[in-house]
Each structure stands twice: as structure tokens, then as C-alpha cells.
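In the order they appear, the protein sequences are chains W and E.
Quick note: the first sequence, position 3, residue 3 per this note's numbering, numbers continuous.
Quick note: the second sequence, position 26, residue 26 per this note's numbering, numbers continuous.
Number of protein chains: 2
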Amino acid sequence: MWPLSQKPGWAAATAIWSTRMSLARLDNKWTAMVVIALGRGDGLRFGDLRAVVQGISAKVLTETLRDLERDGIVARHEYAEMPPRVEYELTALGRTLHVPLQALGRWAEKHTAEVLEAREAYDAGRR
Amino acid sequence: MWPLSQKPGWAAATAIWSTRMSLARLDNKWTAMVVIALGRGDGLRFGDLRAVVQGISAKVLTETLRDLERDGIVARHEYAEMPPRVEYELTALGRTLHVPLQALGRWAEKHTAEVLEAREAYDAGRR
DNA sequence: CTCATTGGTTACGTTGAGGTGACCGGTTAC
DNA sequence: GTAACCGGTCACCTCAACGTAACCAATGAG
């Protein structure tokens with residue numbers, strides 16, 4: 001029999017994601033949350049994002065936003081005021097990404113309890 | 001005005017994911033692909049998974065599968081044969097996770113080109 | 001004069017995820 | 001005798017992601 005990776009349906013599919021998923025790849029551990037936060041609609045300021053995405057450092061938030069901007073997911077609007085004001089919002093492309101990410105977020109909300117139970121059961125068995 | 005994180009709609013929401021998303025958190029960079037691979041339906045053997053999820057090492061695949069098993073996402077079936085045979089498949093819970101993950105995978109397939117264009121444009125501007 | 005504000009940047013240090021390569025056990029085929 | 005098969009495990013090392021803390025520029029308020 002064939003190695004699975006060469007079976008008709010599979011071979012093509014595999015090559016696709018290895019590269020593709022690494023894009024969707026919530027590159028750093030905060031990316032998904034930033035996109036979800038921005039998905040609420042209105043532009044958010046840098047400081048507000050920091051507050052909403054609890055725990056993220058200024059450094060990493062900056063890096064994350066730059067990457068998302070580079071990838072065309074997020075648009076940055078800088079206002080020449082003092083003190084500075086900068087707003088971030090999803091682009092059209094970003095809004096399409098927001099959909100599956102939000103779905104994932106909802107999955108997490110819905111099934112966290114189940115996962116935790118499974119974990120306890122598993123750990124109890126191994127003890 | 002209020003800091004955004006304390007505005008009515010937001011405060012509750014934020015606390016939720018910080019913890020919750022870290023669960024859906026495609027803990028390591030391979031988890032999503034493993035779940036998607038298993039989502040095709042039938043049980044897959046360890047070796048086949050390695051082949052399908054190109055680039056993953058045996059060590060990390062083992063770790064990933066153990067974690068998924070612990071979380072109740074994946075079921076492991078070991079057959080007492082020689083040479084050994086072990087099959088993995090999604091549990092009912094795993095199948096519910098497969099849905100949003102596959103959606104994310106499809107987003108990647110569909111929009112990779114756009115992202116790459118955006119990147120080039122951005123880099124060209126900065127050069 | 002000095003402090004607060006906003007949106008960063010920079011230098012530095014740590015840690016843990018992930019990669020590599022060697023090794024194993026039980027059985028069959030050569 | 002030995003090689004191959006499969007599904008791992010173990011020891012070891014590396015690199016980049018992340019966190020922390022200091023600093024900055026321009027303006028208005030006190």
C-alpha cells in the first residue's frame with residue numbers, strides 16, 4: 001500500500017498548508033487576540049489595545065502590529081497631535097481573517113470546561 | 001472618558017480570553033495542522049501523521065499528540081502487534097475543534113497571495 | 001520649572017520550544 | 001547473524017520570542 005502522504009487526496013493538500021498555515025500562523029502568541037480585539041469594529045488606540053489585550057508588553061504589541069500592518073491585516077492611522085494619537089483598525093482583508101479567529105475564540109469559551117475536565121481525568125489516571 | 005478596558009462591553013470579554021484563548025492556543029506551532037490532518041475522518045498512524053505534517057520531528061509530534069490526548073481532543077489506539085501499530089483519531093470534542101481550525105486553514109489557502117502582495121508592497125515602501 | 005501624557009524604541013537577559021541524533025524492543029524475512 | 005520495521009524515548013544544544021527597564025520628543029497644565 002501507499003505511504004499516506006502520497007495517496008491521491010493527500011499529497012497536494014499537505015504541500016499547501018505547510019507553507020500556508022505558517023501564514024495564518026498566529027505568529028506570536030498574541031496575534032490572534034489583537035485581531036479579535038480589533039474586530040469589534042472601531043479603530044482602537046495603541047494604549048487601549050494594551051489594556052484590552054492584557055499582559056502584552058509595549059514592545060511586543062508594537063512588533064505584532066507592525067507585522068499585521070505589513071501583511072495587510074491592519075491599517076495604522078497616525079494623527080499629528082501632541083501627545084500623539086494612533087489608531088489601528090482591521091483592513092478588509094483583516095476582517096475576513098477575523099471571522100475564523102472569532103469562531104476559534106468562541107470554541108475556546110464554549111469548551112474550556114470540557115478540556116479541563118479531560119485534563120484532570122487524564123492526570124488522575126497517570127497518578 | 002473611561003479607559004477602554006473598563007467600558008461596559010469590554011471588561012468582561014477581556015478576562016475571558018486571556019485564559020481561554022491560551023487553551024485554543026495552538027499550543028505549539030504544529031497543533032493546528034495535526035488536528036486538521038486528523039479531521040479527515042479515519043484514524044491515522046503515527047508514521048502517516050509524520051508524513052502528512054511535513055517537517056515535524058518525532059519528538060514534537062509525540063508531545064503534541066500527548067497534549068491533545070490529555071485535553072480530550074485526540075484518542076489513541078494501540079494495537080498489541082509487532083511491529084507496533086498506533087492509530088490516532090479525533091474525539092467528539094476534537095471534531096468540534098476541527099471546524100474552526102479548518103476554516104482558518106481555508107482562510108490561509110485563500111488569502112496567502114494577498115498577504116504576500118501586501119508584504120512586498122510594504123517592504124517596497126520602506127526601501 | 002516640572003510634571004504628565006502618548007506611542008513608541010533600545011539594550012539586555014532569560015527561558016523554553018523545538019531540532020538533531022543516538023538508541024531501544026519484539027518479531028519476521030533474508 | 002543481521003537487517004528492517006514502527007513508535008517511540010532520551011540527552012543535548014540553539015535560537016528567537018518574550019519580558020523588563022530605561023529612555024525620548026513635543027506640548028499643555030499647574
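All residues carry an ideal CB built from backbone N, CA and C; glycine is no exception.
Remember, predicted model here, so these are calculated numbers, not experimental data.
How is the alpha helix (DSSP H) around residue i delimited, first residue to last?
i              : result
R126 (chain E) : A92 to R126
Would you kindly report the start and end of the unbroken beta strand (DSSP E) that includes residue i?
i             : result
R76 (chain E) : V74 to Y79
Just to make sure I have the definition right: I need the residues of chain W whose C-beta is within less than 9 Å of the C-beta of residue i. Which are they?
i             : result
E89 (chain E) : Per Cβ cutoff of 9 Å: no residues; E89 (chain E) is ~14 Å from chain W at best.
Would you mind telling me which residues of chain W sit closer than 7 Å to residue i, beta carbon to beta carbon, in chain order?
i             : result
G72 (chain E) : E114, V115 and A118
L38 (chain E) : Correct list: empty, because the minimum Cβ distance to chain W is about 12 Å.
Chain E partners of residue i, CB-CB under 7 Å?
i              : result
A103 (chain W) : P100 and A103
H77 (chain W)  : In chain order: nothing, as chain E lies at least about 16 Å away.
T96 (chain W)  : W107 and H111
L65 (chain W)  : Under the 7 Å cutoff, chain E gives no residues; its nearest Cβ is about 13 Å from L65 (chain W).
L93 (chain W)  : H111 and E114
Can you list the residues of chain E that residue i reaches, using a CB-CB cut of under 9 Å?
i             : result
L61 (chain W) : Here the premise fails: no neighbours, minimum Cβ distance about 14 Å.
If I'm right that residue i touches residue j with Cβ under 8 Å, what's the distance once you round it to whole angstroms?
i              : j             : result
H111 (chain E) : T96 (chain W) : 7 Å
V60 (chain E)  : W30 (chain E) : 6 Å
V74 (chain E)  : L38 (chain E) : 7 Å
T62 (chain W)  : V34 (chain W) : 11 Å between Cβ atoms; not a contact.
R85 (chain E)  : Y79 (chain E) : 4 Å
E89 (chain E)  : R45 (chain E) : Their Cβ separation, rounded to whole angstroms, is 11 Å, which puts E89 (chain E) and R45 (chain E) out of contact at 8 Å.
Exercise for the section: Scan the stretch 33-85 of chain W and note each continuous beta strand (DSSP E) run of 3 residues or more that stays entirely inside, going in chain order. Expected result: 74-79
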